[in-house]
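Protein chains in written order, with our numbering: chain A, 2 to 292; chain B, 208 to 470.
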Amino acid sequence: MSTLSLRSASAPAGRRFEIDPRFVMALPGLAFMGLVFAFPLGLLMSKSVIGPDGFSLAGYGRILGDAYYRGVIWDSLTLALRVTLITLVLGYPAAYALSRAKGAFQIMLFALVFLPLTVSIIVKTFGLTIIFRREGILNWLLLKTGLVDAPIRFVFTELSLLIGMVNVFLPFLILPLYSVMRMLDQRYLDAAATLGASPFDSFRRVFLPLTMPGVIAGSSIVFALSVAAYVTPGLLIGERYMTMSMVMAKAFLNFRDYQLGSAMACIMLVIALAIVFLSSFLTRNLDPKGR
Amino acid sequence: MAALSRSFAGLMLALVLLFLLLPIAIVIPIAFSPSAVFSFPPTGFSLRWFENIRNADGILRALWLSTQIAALSTAISLVLGTLCAIAIVRGAVPGARLISTFMISPLMIPGLVLGIAFLHAAREIGLRDGYVPLLLAHVVVTMPFIMRTVLASLSLFDFTMVDAARMLGCSYPAALWRALVPNILPGFVSGALFAFIVSFDNYPVSIFLVDVHTKTLPIQLLNQLEMSPDPTLAAVATVMIVLTVAALFICDRLVGLRRMAAV
Chain A
2 MSTLSLRSAS APAGRRFEID PRFVMALPGL AFMGLVFAFP LGLLMSKSVI
52 GPDGFSLAGY GRILGDAYYR GVIWDSLTLA LRVTLITLVL GYPAAYALSR
102 AKGAFQIMLF ALVFLPLTVS IIVKTFGLTI IFRREGILNW LLLKTGLVDA
152 PIRFVFTELS LLIGMVNVFL PFLILPLYSV MRMLDQRYLD AAATLGASPF
202 DSFRRVFLPL TMPGVIAGSS IVFALSVAAY VTPGLLIGER YMTMSMVMAK
252 AFLNFRDYQL GSAMACIMLV IALAIVFLSS FLTRNLDPKG R
Chain B
208 MAALSRSFAG LMLALVLLFL LLPIAIVIPI AFSPSAVFSF PPTGFSLRWF
258 ENIRNADGIL RALWLSTQIA ALSTAISLVL GTLCAIAIVR GAVPGARLIS
308 TFMISPLMIP GLVLGIAFLH AAREIGLRDG YVPLLLAHVV VTMPFIMRTV
358 LASLSLFDFT MVDAARMLGC SYPAALWRAL VPNILPGFVS GALFAFIVSF
408 DNYPVSIFLV DVHTKTLPIQ LLNQLEMSPD PTLAAVATVM IVLTVAALFI
458 CDRLVGLRRM AAV
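See the structure below:
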């Protein structure tokens, strides 16, 4: 392939074997990623279909044929869906307010949204476990304000899992939404108002469609991250809510059941790639309407 | 109505920021509290948990390993990624778009899946020790972040400067080093800091590659969190938060946070 394209490149006749030095520059990185990234992924896929005696789909059969593992996949997907919807409801208005803030104030607010992304996920989850404790700040607040009479148990509940995952992934939704909303031309909304649209109509028919690419980008990132989340569910709820990640990790780290773990990893890989393709498909189909 | 919806959005933003920052802020008073249980509100003030970090052997060893892995993997990504990015931006490679997608694609693969793939590959090749696979895996993890920032910086760089340097007698590598590198240095620094943080914080890839002797900081911290949480962890977390804020501040001075976040 390389010789072919070199010949058709702009090198003058008679010098066609001279290789563009800039092409050589791409090779070390490409070779590295081929060997250390693409090869292991290929190996993983092949391992998932190799049993003790040659080709076998037993790993997939054990997962898809077992109601327990089907339930785990279902639970992971619905958990991710719930997290995505909650972040969307919280993040959309927040991103709007952020995009409409003025000058230096906007930069400061942006830094506050961005900071949690760079703080270690272990630190954040640790903070969450402190908040959810029986004698933690959340119960202290609830008791102080008289909302409850006795401390509520948050630790190891699905509620704390949802709150925790929304907390960890919310910035990933706000940032792409903010970047779309910041670029949006205010005059579209003015035009809608001039043409007699009510604020609600101009939101529904102008603002929402124009910010849809941000909604799709942000929610697909949050969904992908939530489906694959491991640290936060592990610390906040543990094995009370089994996810695909937990099954994979246990298969490798505890049971040494590599066939099962590899097959589960491949199923997750397919889900992750499906999200990428679906989101780019949706964005592309939006385009004509968005313009 | 418009004013109403605007103040509603402002209120939501305030609540969201409070919600986002609370788990981070909460560890700081715990780290300075004299009591060994995490109760709220804290009583009194003490630095004993910070002094305790010195005795926490496991954490210090993990900290050193994580620093090494993050620094080395970032450096390797920076060299390989920059070279590749130049070739892509200059259109010297066929299928430049495809190649940049490939170099950024580890970002789309769930961490645990990558970790399991690396584990298989390390076994297949027969790599027994933990260090080398860990380092190689972290190069893959950091590569997308380097590629993104370097590609963005390069697209703003005027390559005629490189041509000018060559006309003035520099060889191609020397021209890159003297004309290109100083100009996109801010991009390098912010990309590298981001990559460093990503590697330093990585849990899901590392968990499959560590062994008893090579444990990275997130793994050591999570282990201790599950076994015997005590405020020493809050002290470590506080130090990490301060360092992160400092890194963000540097990035903001260099390139601006919004460009670093690629929004």
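Backbone N, C-alpha and C define an ideal beta-carbon position, used for all residues, glycine too.
{"Query": "Threshold first: 4 residues or longer. Then list the alpha helix (DSSP H) segments lying entirely within the segment 273–327 of chain B, N to C.", "Result": "303–311"}
{"Query": "Determine the direct distance from the alpha carbon of B:R255 to that of B:N262, and round the result to whole angstroms.", "Result": "11 Å"}
{"Query": "Of all the options B:I414, B:F364, B:C377 and B:M374, which has the alpha carbon lying nearest to the alpha carbon of B:F395?", "Result": "B:F364"}
{"Query": "If you drop the 5 nearest sequence neighbours on each side, which residues of the same chain put their C-beta closer than 6 Å to that of B:I353?", "Result": "S284, L285, G288, G398 and A402"}
{"Query": "Considering only the beta carbon of each residue, do A:S227 and A:F170 sit closer than 9 Å?", "Result": "yes"}
{"Query": "I'd like to check one pair, A:L45 with B:I323: are the Cβ atoms closer than 9 Å?", "Result": "yes"}
{"Query": "Under 7 Å, CB to CB, which of the residues in the segment 42–58 of chain A have a partner in chain B?", "Result": "L42, L44, L45 and K48"}
{"Query": "Using a Cβ-Cβ cutoff of less than 7 Å, which residues in the same chain neighbour A:V223 once the five nearest sequence positions on both sides are dropped?", "Result": "V84, T85, T88, F170, F173 and L174"}
{"Query": "Does any residue of chain A bring its CB to less than 9 Å from the CB of B:G265?", "Result": "no"}
{"Query": "Using the rule of at least 16 other Cβ atoms within 10 Å of the residue's Cβ for burial, across every protein chain shown, is B:G265 buried or exposed?", "Result": "exposed"}
{"Query": "Would a C-beta distance cut-off of 9 Å place B:L464 and A:F111 closer than the cut-off?", "Result": "yes"}
{"Query": "May I ask you to report which of helix, strand or coil DSSP gives B:G376?", "Result": "coil"}
{"Query": "Rounded to the nearest angstrom, what separates B:V234 and B:A243 at their Cα positions?", "Result": "13 Å"}
{"Query": "Is it the case that the Cβ atoms of A:A230 and A:M166 are separated by a distance below 9 Å?", "Result": "yes"}
{"Query": "Using a C-beta to C-beta distance shorter than 7 Å, which residues of chain B count as neighbours of A:K103?", "Result": "Near A:K103 there are no residues of chain B at all, since even the closest Cβ is about 12 Å away, more than 7 Å."}
{"Query": "Along chain A, in chain order, which residues have C-beta atoms closer than 7 Å to that of B:F355?", "Result": "Looking at the sequence itself, residue 355 of chain B is Arg, so the reference to Phe does not match. None at all; the shortest Cβ gap to chain A is about 13 Å."}
{"Query": "A:N168 touches chain B at which residues, Cβ-Cβ below 9 Å?", "Result": "F226, L227, L229 and P230"}
{"Query": "Quick check: what's the CA-CA separation for B:A303 versus B:G337?", "Result": "34 Å"}
{"Query": "Please classify A:V248 as buried or exposed, where buried requires at least 16 other C-beta atoms within 10 Å of its C-beta.", "Result": "buried"}
{"Query": "Would you give the residue range spanned by the alpha helix (DSSP H) that B:N430 belongs to?", "Result": "L424 to M434"}
{"Query": "Classify A:M255: buried if its beta carbon has 16 or more other beta carbons within 10 angstroms, exposed otherwise.", "Result": "In the sequence as displayed, the identity of residue 255 of chain A is Asn instead of Met. Flag for A:N255 reads exposed."}
{"Query": "Report the three-state DSSP secondary structure of A:I51 (helix, strand or coil).", "Result": "strand"}
{"Query": "Beta-carbon of A:P234 versus every beta-carbon of chain B: anything under 9 Å?", "Result": "no"}
{"Query": "Indicate whether B:F407 and B:S273 have their beta-carbon atoms separated by less than 9 Å.", "Result": "yes"}
{"Query": "Between A:T119 and chain B, is any beta-carbon pair separated by less than 9 Å?", "Result": "yes"}
{"Query": "Is the beta carbon of A:T130 less than 9 Å from the beta carbon of A:V156?", "Result": "yes"}
{"Query": "Of all Cβ atoms in chain A, is any one closer than 9 Å to the Cβ of B:P436?", "Result": "yes"}
{"Query": "Is the segment 425–443 of chain B touching the segment 377–385 of chain B, taking contact as three or more C-beta pairs under 8 Å?", "Result": "no"}
{"Query": "State whether the segment 338–353 of chain B contacts the segment 409–421 of chain B, with contact taken as three or more CB pairs (one from each stretch) at a distance under 8 Å.", "Result": "yes"}
{"Query": "Sorted by chain position, which residues of the same chain lie with C-beta nearer than 7 Å to B:V223's C-beta, five sequence neighbours on each side aside?", "Result": "none"}
{"Query": "Given a cut-off of 9 Å, decide if A:G239 and A:G314 are closer than it, judged by their beta-carbon atoms.", "Result": "Residue 314 of chain A lies beyond the stretch modelled for chain A, which goes from 2 to 292, so this question has no answer here."}
{"Query": "Can you find the residues in the same chain that come closer than 6 Å, C-beta to C-beta, to B:L270, ignoring five residues on each side of it along the sequence?", "Result": "L424"}
{"Query": "I need the straight-line Cα distance from B:G217 to A:A252, nearest angstrom please.", "Result": "46 Å"}
{"Query": "Between the C-alpha atoms of A:Y70 and B:I306, what's the straight-line distance to the nearest angstrom?", "Result": "36 Å"}
{"Query": "Looking at the unbroken alpha helix (DSSP H) that takes in B:I404, where does it start and where does it end?", "Result": "L392 to F407"}
{"Query": "Return the residue from the list A:Q260, A:T284 and A:N286 that minimises the CA-CA distance to A:D54.", "Result": "A:Q260"}
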